[in-house]
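Protein chains in written order, with full-length UniProt numbering: chain A, 1 to 339; chain B, 1 to 339.
Yeah, the Cβ is synthetic: ideal placement off N, Cα and C, and Gly gets one too.
Owing to the predicted nature of the structure, the values given are computational and were not obtained by experimental measurement.
In what follows, a single structure is set out as structure tokens and then discussed.
There are 2 protein chains.
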Amino acid sequence: MKKARTTITDIARELNISPSTVSRALNNHPAISKKTRDAVIELAKTLNYQPNLLALNLLRKRTNTIGIIVPEITSSFFSSVINGIQDLLSPLGVNMMISQSNESMEEEKSILRSFASIRVDGFLISPSSETKNFDHLKILTDNNIPLVIFDRDCEGLEVDKVFVDEYSGAFQAVEYLVKTGCRRIAHIAGPLSLSTARHRLKAYKDALALHHVPVKEEYIVESSGFTPEHGIKPTQKLLALPSPPDAVFAINDGVAIGAMYVIKKAGLVIPDEISVVGFDDDPHSCYFSPSLSTVWQPTYELGMLSARILMKRINSNNDLSDIRVEELYPELIVRGSSK
Amino acid sequence: MKKARTTITDIARELNISPSTVSRALNNHPAISKKTRDAVIELAKTLNYQPNLLALNLLRKRTNTIGIIVPEITSSFFSSVINGIQDLLSPLGVNMMISQSNESMEEEKSILRSFASIRVDGFLISPSSETKNFDHLKILTDNNIPLVIFDRDCEGLEVDKVFVDEYSGAFQAVEYLVKTGCRRIAHIAGPLSLSTARHRLKAYKDALALHHVPVKEEYIVESSGFTPEHGIKPTQKLLALPSPPDAVFAINDGVAIGAMYVIKKAGLVIPDEISVVGFDDDPHSCYFSPSLSTVWQPTYELGMLSARILMKRINSNNDLSDIRVEELYPELIVRGSSK
DNA sequence: CTGTTAGCGCGTTCAC
DNA sequence: GTGAACGCGCTAACAG
Chain A
1 MKKARTTITD IARELNISPS TVSRALNNHP AISKKTRDAV IELAKTLNYQ PNLLALNLLR
61 KRTNTIGIIV PEITSSFFSS VINGIQDLLS PLGVNMMISQ SNESMEEEKS ILRSFASIRV
121 DGFLISPSSE TKNFDHLKIL TDNNIPLVIF DRDCEGLEVD KVFVDEYSGA FQAVEYLVKT
181 GCRRIAHIAG PLSLSTARHR LKAYKDALAL HHVPVKEEYI VESSGFTPEH GIKPTQKLLA
241 LPSPPDAVFA INDGVAIGAM YVIKKAGLVI PDEISVVGFD DDPHSCYFSP SLSTVWQPTY
301 ELGMLSARIL MKRINSNNDL SDIRVEELYP ELIVRGSSK
Chain B
1 MKKARTTITD IARELNISPS TVSRALNNHP AISKKTRDAV IELAKTLNYQ PNLLALNLLR
61 KRTNTIGIIV PEITSSFFSS VINGIQDLLS PLGVNMMISQ SNESMEEEKS ILRSFASIRV
121 DGFLISPSSE TKNFDHLKIL TDNNIPLVIF DRDCEGLEVD KVFVDEYSGA FQAVEYLVKT
181 GCRRIAHIAG PLSLSTARHR LKAYKDALAL HHVPVKEEYI VESSGFTPEH GIKPTQKLLA
241 LPSPPDAVFA INDGVAIGAM YVIKKAGLVI PDEISVVGFD DDPHSCYFSP SLSTVWQPTY
301 ELGMLSARIL MKRINSNNDL SDIRVEELYP ELIVRGSSK
């Protein structure tokens with residue numbers, strides 16, 4: 001049989017005092033006698049009293065919990081962002097509910113509904129790659145529920161947003177490849193439904209154009225995901241070209257690792273015959289041989305900043321007069337997989 | 001200004017009916033006229049009514065939320081376990097609160113307290129490496145709050161537990177190294193405060209003993225963590241030995257990757273001069289050169305099973321008559337880093 | 001210093 | 001078919 005958790009009423013009954021007195025004693029209310037306070041606190045400890053936040057939250061209309069929805073938790077990118085979020089929230093006593101949409105808009109909506117019912121104080125969302133319609137997010141703002149979008153954009157939705165300047169990162173990478181003498185630079189793009197993938201593709205084209213390197217469509221292939229497996233086929237396709245590339249700029253490190261694998265299998269030498277550059281600076285990347293050149297993103301800061309903005313929004317009663325769009329800066333890291 | 005979320009009272013007032021009627025209409029109570037039901041449902045939709053689960057949970061004494069505490073979320077091991085957990089809970093409509101202890105017992109306790117106050121229905125915990133005293137976990141069982149321990153043991157604590165048979169996995173790995181001709185087999189152990197690390201170390205010694213290979217203390221070094229960085233120094237120490245090892249069995253893939261890095265830098269050829277075997281089957285492992293031999297663990301199943309047991313416990317009113325200790329089986333995967 | 005009352009939002013009696 | 005009253009656990013306002 002389940003014995004009920006102890007409540008202030010329990011300890012009030014035991015001590016023959018009123019629940020409010022117990023409440024006051026427990027909350028260090030000034031007007032309370034030392035004796036009763038001590039008695040209450042001691043009994044609370046022996047009975048292992050834990051305040052029921054459900055009741056308190058119902059009263060306060062605030063849960064001190066924020067909801068986080070990410071496409072996936074497994075990637076080093078998002079788990080590092082979550083680290084940043086937790087390190088900001090923890091000292092503030094704010095809890096996180098985390099859920100993954102698995103890149104599905106339906107799951108995203110369902111998680112959203114569930115979190116909203118739980119009355120989280122606000123949302124931190126990086127939309128799924130399927131999410132092209134933002135009605136469900138719009139509902140949040142319509143109901144005055146604070147929301148911060150991070151990493152992936154929802155174009156047209158007017159809320160706080162925190163991004164990494166993908167364009168700059170990709171531009172740095174491609175420009176660097178050009179400057180090291182590469183002329184047949186290929187790009188393995190990510191799913192183009194993602195704003196991040198589109199920005200990187202655009203930067204790729206712009207950087208080539210700026211340096212008068214012709215953009216060839218056959219050098220642009222799209223991967224359907226972010227793991228090494230997703231890099232295999234696109235790379236095979238590139239190597240099979242009549243004039244194969246002398247450099248590959250991949251959407252992320254995962255795909256780049258798959259690309260390196262195929263390239264080495266084909267007997268080509270990296271970086272002598274072909275350079276490879278990734279994106280994200282996955283913690284493993286520097287241990288590959290050759291070590292992977294990449295674009296580092298301030299993931300931890302991204303999490304921290306997003307959480308900080310959300311908390312500010314929550315504490316300011318969600319005054320929407322000053323929507324913030326912040327941009328963080330990535331940095332090219334040159335390692336062994338490029339000249 | 002924050003406009004309050006709509007409640008059943010709001011829509012009752014609007015329709016000139018009582019809140020109970022609204023409640024019934026929303027919950028498909030049979031005894032309700034179709035007209036009022038339709039009216040209620042429509043107004044609820046336009047007003048974007050979301051039931052307040054705080055109130056409901058307070059009433060039901062159940063939150064449909066479970067608390068998960070892991071040492072870190074960044075590792076492929078734990079994030080894959082979390083995947084398994086979510087895939088079991090999601091279809092059941094159960095939410096997860098996730099938090100990381102960062103291998104600190106103090107953080108673990110504080111998270112625990114916070115989750116308990118939120119009244120999660122149960123806990124899924126993999127204790128921090130610092131956690132040697134289990135009083136805080138004991139309190140949960142004393143208060144009849146369901147708890148399942150997974151991956152890392154809390155010896156002496158009588159609750160449901162789900163493990164991987166580490167001993168078997170490590171034994172397979174070491175025995176295989178012996179059989180492929182290695183005689184100077186080193187082990188980079190993990191923090192020995194961890195049951196998992198101790199089991200693997202014991203299996204290492206037992207496997208050597210069984211095959212009459214002498215166990216030498218200088219071949220056993222302890223790493224303080226699980227990333228490639230943590231593998232660097234221990235490996236340097238091993239290579240500096242008068243008679244360096246011809247095989248390294250590392251506590252996990254992260255450390256093994258660091259070891260491979262040092263070994264290759266030293267000009268040694270893997271696996272001809274020295275074999276390397278890891279543990280965990282990190283998704284990146286097969287893309288290294290040489291690809292890393294490792295011990296695969298059923299992480300996803302570990303998560304699923306732990307969650308399933310917890311849910312059963314919760315739904316059975318936490319009847320503690322039949323504590324379960326389950327063990328899942330790991331599997332050696334031979335790749336290029338060993339003969 | 002302490003007790004009483006009320007209400008947060010909801011579902012569930014028990015009436016009518 | 002529907003409404004009124006009650007209580008989940010807690011704090012704040014109002015009395016004493």
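- Among the residues of chain A, those whose CB is under 8 Å from the CB of Phe-288(B) are Tyr-287, Phe-288 and Ser-289, following chain order.
- The three-state reading of DSSP puts Asp-87(A) in helix, counting H, G and I together.
- Cα atoms of Ser-306(B) and Gly-84(B): separation of roughly 9 Å, rounded to the nearest angstrom.
- In the DSSP assignment, Ala-189(B) falls outside any alpha helix (DSSP H) and within the unbroken beta strand (DSSP E) covering 185 to 189.
- About 5 Å separates the beta carbons of Glu-327(B) and Phe-163(B), which is inside the 8 Å limit, making them a contact pair.
- It is roughly 8 Å from the alpha-carbon of Val-269(A) to the alpha-carbon of Ile-263(A).
- In the DSSP secondary-structure assignment, Ser-275(B) is bridged to Ala-247(B).
- The three-state reading of DSSP puts Ser-306(B) in helix, counting H, G and I together.
- For Val-162(A), the enclosing beta strand (DSSP E) starts and ends at 160 to 164.
- Remark: C-beta atoms of Val-277(A) and Leu-177(A) approach each other more closely than 8 Å.
- Ile-323(A) is classed as exposed because its beta carbon has fewer than 16 other beta carbons within 10 Å across all chains shown.
- The stretch 188 to 198 of chain B and the stretch 121 to 132 of chain B touch, with three or more beta-carbon pairs separated by less than 8 Å.
- When only Cα atoms are considered, Ile-251(B) and Gln-172(B) end up about 14 Å apart.
- The Cβ neighbour count for Val-325(B), taken over all protein chains shown within 10 Å, is under 16; the residue is labelled exposed.
- Chain order gives no chain A residues near Ser-337(B), where near means a beta carbon separation below 9 Å; the closest approach is about 12 Å.
- A contact between stretches requires three or more CB pairs, one per stretch, nearer than 8 Å, and the stretch 68 to 78 of chain B fails this requirement with the stretch 27 to 47 of chain B.
- An exposed status is given to Asp-142(B), since fewer than 16 other beta-carbon atoms sit within 10 Å of its beta-carbon.
- In this structure, Asn-64(B) lies near Gly-93(B), with their beta-carbon atoms less than 8 Å apart.
- In this chain, Thr-63(B) is not harboured by any alpha helix (DSSP H), its DSSP state being neither H nor E.
- Distance between Leu-140(A) and Asn-133(A), taken at the CA atoms: about 14 Å.
- Per DSSP, the continuous beta strand (DSSP E) segment holding Ser-99(B) begins and ends at 95 to 100.
- Bridge partners of Phe-134(B) according to DSSP: none are assigned.
- Rounded to the nearest angstrom, the Cβ distance from Met-97(A) to Asn-57(B) is 14 Å, too far for a contact under 8 Å.
- Your pair Arg-313(A) and Asp-160(A) checks out as a contact, with CB atoms roughly 6 Å apart and the cut at 8 Å.
- For Ile-185(A) against Leu-208(A), the beta-carbon gap comes to about 7 Å, under 8 Å, which counts as contact.
- With contacts defined by Cβ atoms closer than 8 Å, His-199(A) and Glu-166(A) form a contacting pair.
- The CB of Ser-128(A) never comes closer than 8 Å to any CB in chain B; the least such distance is about 15 Å.
- As the crow flies, the alpha-carbon of Asp-10(A) is around 10 Å from that of Val-22(A).
- Following the DSSP letters along the chain, one finds Leu-332(B) inside the beta strand (DSSP E) bounded by residues 331 to 333.
- Look at Asn-16(B): its C-beta is not under 8 Å from any C-beta on chain A.
- A straight-line Cα-Cα distance of about 7 Å links Ile-274(A) and Val-248(A).
- Chain A places a beta carbon closer than 8 Å to that of Asn-83(B), counting this residue as a contact.
- For Ile-111(B), the enclosing alpha helix (DSSP H) covers residues 105 to 118.
- Among the residues facing chain A, Thr-9(B) is not included, as its CB has no counterpart in that chain under 8 Å away.
- Residue state for Phe-123(B) is assigned as strand, using DSSP reduced to three classes.
- Beta-bridge analysis with DSSP links Leu-147(A) to Phe-123(A).
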